[in-house]
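Worksheet for the structure shown next.
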Amino acid sequence: RLQGDWSSDVCSSDLRMWVYLAPTTGLPIRDADFAALDAMLGFDWLAVLRFYEARPWLSSLSTFLYTSSEKVMLTTCVVLFLLRRLDRVEEFVAASTLAGLATLIIAALLPAAGGYGYFKPDVAEFPSIDMTAAQAFTQTLFDLHSGKLRAFDIVETKGIIAFPAFHTIFALLLIWAVRGIPWAFALSLLWNGAIVLTTFVDGGHYLVDLIGGAAVSYLTVRFIAWFAARYPAEAPRVAIAAPEIGRAHV
């Protein structure tokens, strides 16, 4: 979900405000449609929740990974800086900002509460899964959509966007940022791939949310590539010359 913590480092406080304005369009909430699409794909969100409930250690690991996105982003930027690939940092910042804008527009057109809001799982059935935050985020979305909530503190914004899944977008863009650097790419693929898988339970996302997030990531990357080819003078700067040892190639 596009949230008011690590995402604010990539986007801005203005975008955080739009996160809360997106559900106020009055357009119908599309959870039934997304759940139906998941069913067509053979995906059972509640079954995933039961799988986690039967393995409490997995739930704890999932939460740890899900909340590590900010640290992963910072680590990735430090690695690229040490490798003198400031061009990749600029690409990532541009891509994540564009993807954030696209996410807000799509969320405004296709508002959804996610699995916790639609299926309303019984807390008694899933005692090892902490649903407190998810339920609060879901209620916030419903209150914004209905008009009940009309004032909010921008500093206290919560993650309320379900479709497309921004955690998925963010993770995929981090993997893309270290392409061509074999060891960093392998580690990023492993860690960020795991983060994507945590979004079902910790983010309350449908499978189609992840598919939508992957589509936004792909289109964003393609746009960045097109823009760099079309307007080379405005493209991110070329990599600073680095020593042969440890140099990363595209």
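Take the sequence shown: its position 46, counting from 1, is numbered 691 in the numbering used here, and each next residue is one higher.
The beta carbon of each residue, even a glycine, is placed where N, CA and C say it ideally should be.
The alpha helix (DSSP H) with residue i in it runs from where to where?
i: Lys716; result: 714 to 727
i: Arg867; result: 852 to 875
i: Ile826; result: Note, Ile826: premise wrong, no alpha helix (DSSP H); not H, not E.
i: Phe764; result: 760 to 764
Under the three-state reduction of DSSP, which class applies to residue i: helix, strand or coil?
i: Phe679; result: helix
i: Ser773; result: coil
i: Ala747; result: helix
i: Gly671; result: coil
i: Leu805; result: The sequence given here has Ile at residue 805, not Leu. Ile805: coil per DSSP, three-state reduction.
i: Leu834; result: helix
i: Ala781; result: helix
i: Pro701; result: helix
i: Asp847; result: helix
i: Ala753; result: helix
i: Asp689; result: coil
i: Ala740; result: helix
i: Ala810; result: coil
i: Asp788; result: helix
i: Lys664; result: Looking at the sequence provided, one finds Val at residue 664 rather than Lys. Here Val664 sits in helix by DSSP.
i: Asp767; result: coil
i: Arg730; result: coil
i: Ser653; result: Because the pLDDT at Ser653 is just 38, under 50, the model does not fix this residue reliably, and the point stays unresolved.
Use the C-beta contact count for residue i: other C-beta atoms within 10 angstroms, 16 or more gives buried, fewer gives exposed.
i: Tyr711; result: buried
i: Phe709; result: exposed
i: Trp702; result: exposed
i: Ala887; result: Summary for Ala887: the model assigns pLDDT 37, below 50, so the residue's position carries little reliability; its value from the coordinates is reported in the next sentence. The residue is exposed, with fewer than 16 neighbouring Cβ atoms inside 10 Å.
i: Ala810; result: buried
i: Arg875; result: exposed
i: Arg867; result: exposed
i: Gly762; result: buried
i: Ala692; result: exposed
i: Gly849; result: buried
i: Leu819; result: buried
i: Ser705; result: exposed
i: Arg700; result: exposed
i: Glu770; result: exposed
i: Leu755; result: buried
i: Thr827; result: It is Pro, not Thr, that sits at residue 827 in the sequence shown. Classification for Pro827: exposed.
Roughly how many whole angstroms lie between the Cα atoms of residue i and residue j?
i: Phe688; j: Phe726; result: 40 Å
i: Ala781; j: Gly760; result: 13 Å
i: Trp651; j: Leu719; result: The predicted model places Trp651 with a pLDDT of 39, which falls under 50 and marks its position as unreliable, so this point remains unresolved.
i: Glu715; j: Pro877; result: 30 Å
i: Leu817; j: Val853; result: 16 Å
i: Ala822; j: Val846; result: 26 Å
i: Arg729; j: Leu694; result: 43 Å
i: Asp683; j: Leu749; result: 22 Å
i: Thr742; j: Val734; result: 12 Å
i: Leu672; j: Gly858; result: 21 Å
i: Ala779; j: Ser862; result: 24 Å
i: Phe696; j: Ala873; result: 44 Å
i: Thr670; j: Leu686; result: 29 Å
i: Ile774; j: Cys722; result: 32 Å
i: Trp836; j: Ala757; result: 27 Å
i: Met776; j: Val768; result: 7 Å
i: Ala807; j: Leu789; result: 14 Å
i: Trp690; j: Arg824; result: 32 Å
i: Val717; j: Lys793; result: 36 Å
i: Ser833; j: Trp871; result: 24 Å
i: Ala839; j: Glu736; result: 23 Å
i: Ala744; j: Thr813; result: 11 Å
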